[in-house]
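Colleague:
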Amino acid sequence: MKELFLLLKKGSKSALLASIVNAVISIIKGIAYVMTGNVAMFAETMHSLGDMANQFFVFIGSALSKKAPTKRFPNGFGRLVNLVLLGAVLVVGVMAYETIIEGYHHILHPVESKGFMINVIVLSIAVILEAFVLFKAMKETLHDVGIHAQGLEIITKSLANVNKAKPATKLVFLEDSVATGGGLLALIAVVISEFTLFHQAEGIASIIIGLLMFFVVGKIFLDNAAGVLGEADEIMQDKIGSLVLEDPDVKDIPEITVLKEGDEFHVEIKIEVDPKISLATADDIKDRLEEKIIKEKGVTDVIVEFDEDDNFSSWDNRKKSKDD
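This is the structure in structure tokens:
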């Protein structure tokens, strides 16, 4: 039990915060839906419930993925967060389906909802809370990728780098982006329905919110399916390769693999060196490179192999192939 609590302390803080906030929001929205019967509010209630469950699973998965390797699982539990995320998106998928169906029924049989001010107040509070969580996810995204920003740069730089963030952070970022946008959309639909005869607006908003939820499901599913299989991280490969080539004793890099498992990177690299160097010198090079690479954020283990210099630059050729 003590080990479990220690692991939970290492879980994604943004996912835990988002789960708690969405739990509160879903209760408030649910009460408002029961009181008013507003279908856009129903969509938002389902959305918040799905996000709450999803983000709680993400928090648990990100924590358990930090568990140390065992004899049975010598490679560790890094991919566990990807597996949990694959299961979590199924919850959001079911919620999205129900949201779309309810919106479709409302379009066919529009009914004027009640409690205009209740809906406006609840949705406004929800949008503010979701925007707060989204802003926290933006800051954690920048922390994940090692970028410092202030003011409006937090928004622009986090949007540009969200794909480089940890899986848990990325999921919270995407879900709360959709949640904030969905809340604003529901608020607009409520206003349109109140001041015009176009009551179908709430049903249309419900369908759009459901489709946005499906977008998140698809995006997260594809990203984490790749993570479960073991995805090579080309950005980190280029970064580590350039770092290794700065060493004066390294002539070339014919092979490099940086495998991403959850939040962790496993590095295997083959370097070419002068064939005349001694075994002691080679050992010094290996220790030096391992120490340098392991300092990179997220890198947990490094394997360095040697080969003699063939006077052909495989690394430069690799870079040219990528540019072409």
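Those letters in the sequence shown? Residues 1 to 324, per the UniProt record's numbering, in order. For every residue, glycine included, the Cβ atom is placed at its ideal position computed from N, Cα and C. Model, not experiment: these values are computed from the prediction.
#1: On the premise that G241 lies in contact with I220, defined as a C-beta separation below 8 Å, what is that separation, rounded to the nearest angstrom?
#2: Taking the straight line between their C-alpha atoms, what separation do you get for V217 and F173?
#3: Helix, strand or coil for K260? Go by DSSP, reduced to three states.
#4: Which term fits I285, buried or exposed, when burial requires 16 or more other beta carbons within 10 angstroms of its beta carbon?
#5: Between the C-alpha atoms of V92 and H106, what's the straight-line distance to the nearest angstrom?
#6: Beta carbon of I271, beta carbon of W315: below 7 Å?
#7: Helix, strand or coil for H266? Go by DSSP, reduced to three states.
#8: With a threshold of 8 Å, are at least 3 pairs of Cβ atoms found where one atom belongs to the segment 205-213 and the other to the segment 131-148?
#9: Hey, would you say S26 sits closer than 7 Å to S12, going by beta carbons?
#10: Among A225, I31, I293, G87, whose alpha-carbon lies nearest the alpha-carbon of L245?
#11: Who pairs with V299 in a beta bridge, going by DSSP?
#12: How should Q237 be labelled, buried or exposed, when 16 other C-beta atoms within 10 angstroms of its C-beta is the threshold for buried?
#13: Looking only at its own chain, which residues have a Cβ that is under 8 Å from the Cβ of A282, when we skip the five neighbours before and after it?
#14: What distance in whole Å lies between the Cβ atoms of A186 and L123, which are believed to be in contact at a cut-off of 8 Å?
#15: Are the beta-carbon atoms of E234 and P275 separated by less than 7 Å?
#16: If you count every other CB in all the chains shown that lies within 10 Å of the CB of N317, and 16 or more means buried, which is it?
#17: Going by Cα to Cα distance, which pick from L279, A168, S278, T196 is closest to L83?
#18: Counting Cβ pairs, one atom from each stretch, are 3 or more of them under 8 Å apart for the segment 126-139 and the segment 178-193?
#19: With the cut-off set at 7 Å, would you say M46 and A32 are in Cβ contact?
#20: Could you check if V250 is buried or exposed, using at least 16 other CB atoms within 10 Å of its CB as the buried criterion?
#21: Out of A189, I101, N224, G210, which has the shortest C-alpha to C-alpha gap to V58?
#22: Going along the chain, which residues of its own chain have a beta-carbon closer than 6 Å to the beta-carbon of N22, five neighbours each way excluded?
#23: Taking the C-alpha atoms as reference points, what is the distance between V24 and A18?
#24: Within the same chain, show all residues whose beta-carbon is closer than 7 Å to that of K297, passing over the 5 residues directly before and after it, in chain order.
Modeller: Per the coordinate set shown:
#1: The sequence position of residue 220 within the sequence shown is 220, counting from 1. The sequence position of residue 241 within the sequence shown is 241, counting from 1. Their Cβ separation, rounded to whole angstroms, is 29 Å, which puts I220 and G241 out of contact at 8 Å.
#2: Along the sequence shown, one-based indexing puts residue 217 at 217. Along the sequence shown, one-based indexing puts residue 173 at 173. The straight-line gap from Cα to Cα measures roughly 13 Å.
#3: Counting from 1 along the sequence shown, the entry for residue 260 is found at position 260. DSSP places K260 in strand when its eight states are reduced to three.
#4: Against the sequence shown, residue 285 aligns to sequence position 285. With 16 or more Cβ atoms within 10 Å of its Cβ, I285 is classed as buried.
#5: Counted from its first residue, the sequence shown places residue 92 at position 92. Counted from its first residue, the sequence shown places residue 106 at position 106. Distance between the alpha carbons of V92 and H106: 21 Å.
#6: For the purposes of this step, residue 271 is taken as the residue at position 271 of the sequence shown. For the purposes of this step, residue 315 is taken as the residue at position 315 of the sequence shown. Going by C-beta atoms, I271 is not nearer than 7 Å to W315.
#7: Here residue 266 is taken as the residue at index 266 of the sequence shown, counted from 1. Secondary structure at H266: strand, using DSSP grouped into helix, strand and coil.
#8: Touching, no, given that fewer than three Cβ pairs across the two stretches are closer than 8 Å.
#9: Residue 26 sits at position 26 when you count from the first residue of the sequence shown. Residue 12 sits at position 12 when you count from the first residue of the sequence shown. S26 is not a Cβ neighbour of S12, given a cutoff of 7 Å.
#10: One-based indexing of the sequence shown puts residue 245 at position 245. Taking only the C-alpha atoms, the option nearest L245 is I293.
#11: Taking the first residue of the sequence shown as position 1, residue 299 is located at position 299. DSSP output for V299 lists F265 as bridge partner(s).
#12: The sequence position of residue 237 within the sequence shown is 237, counting from 1. Q237 is buried by the Cβ-count criterion.
#13: What you label residue 282 is simply residue 282 of the sequence shown in a count that begins at 1. If the five residues before and after A282 are omitted, its C-beta is found closer than 8 Å to the C-beta atoms of V273, F306, all from its own chain and listed in chain order.
#14: On the sequence shown, residue 123 is found 123 positions in, with the first residue counted as 1. On the sequence shown, residue 186 is found 186 positions in, with the first residue counted as 1. Yes, they are in contact, since the Cβ atoms of L123 and A186 sit about 6 Å apart, within 8 Å.
#15: By one-based count along the sequence shown, residue 234 stands at place 234. By one-based count along the sequence shown, residue 275 stands at place 275. No, Cβ-Cβ distance for E234 and P275 is not below 7 Å.
#16: Within the sequence shown, numbered from 1, the residue matching residue 317 stands at position 317. So N317 counts as exposed.
#17: Counted from its first residue, the sequence shown places residue 83 at position 83. Considering only L279, A168, S278, T196, the residue with the shortest C-alpha distance to L83 is A168.
#18: These segments touch.
#19: Indexing the sequence shown from 1 puts residue 46 at position 46. Indexing the sequence shown from 1 puts residue 32 at position 32. For the pair M46 and A32, the CB atoms are not nearer than the 7 Å cut-off.
#20: For this step, residue 250 is matched to residue 250 along the sequence shown. Burial of V250 is indicated by the presence of at least 16 other C-beta atoms within 10 angstroms of its C-beta.
#21: Taking the sequence shown and counting its residues from 1, one reaches residue 58 at position 58. N224 is the residue among A189, I101, N224, G210 whose C-alpha sits nearest the C-alpha of V58.
#22: Here residue 22 corresponds to residue number 22 of the sequence shown, with the count starting at 1. S48, D51, M52, listed in sequence order.
#23: For the purposes of this step, residue 24 is taken as residue 24 along the sequence shown, with counting starting at 1. For the purposes of this step, residue 18 is taken as residue 18 along the sequence shown, with counting starting at 1. In a straight line, the C-alpha of V24 is about 10 Å away from that of A18.
#24: Walking along the sequence shown from the start, residue 297 turns up at place 297. G146.
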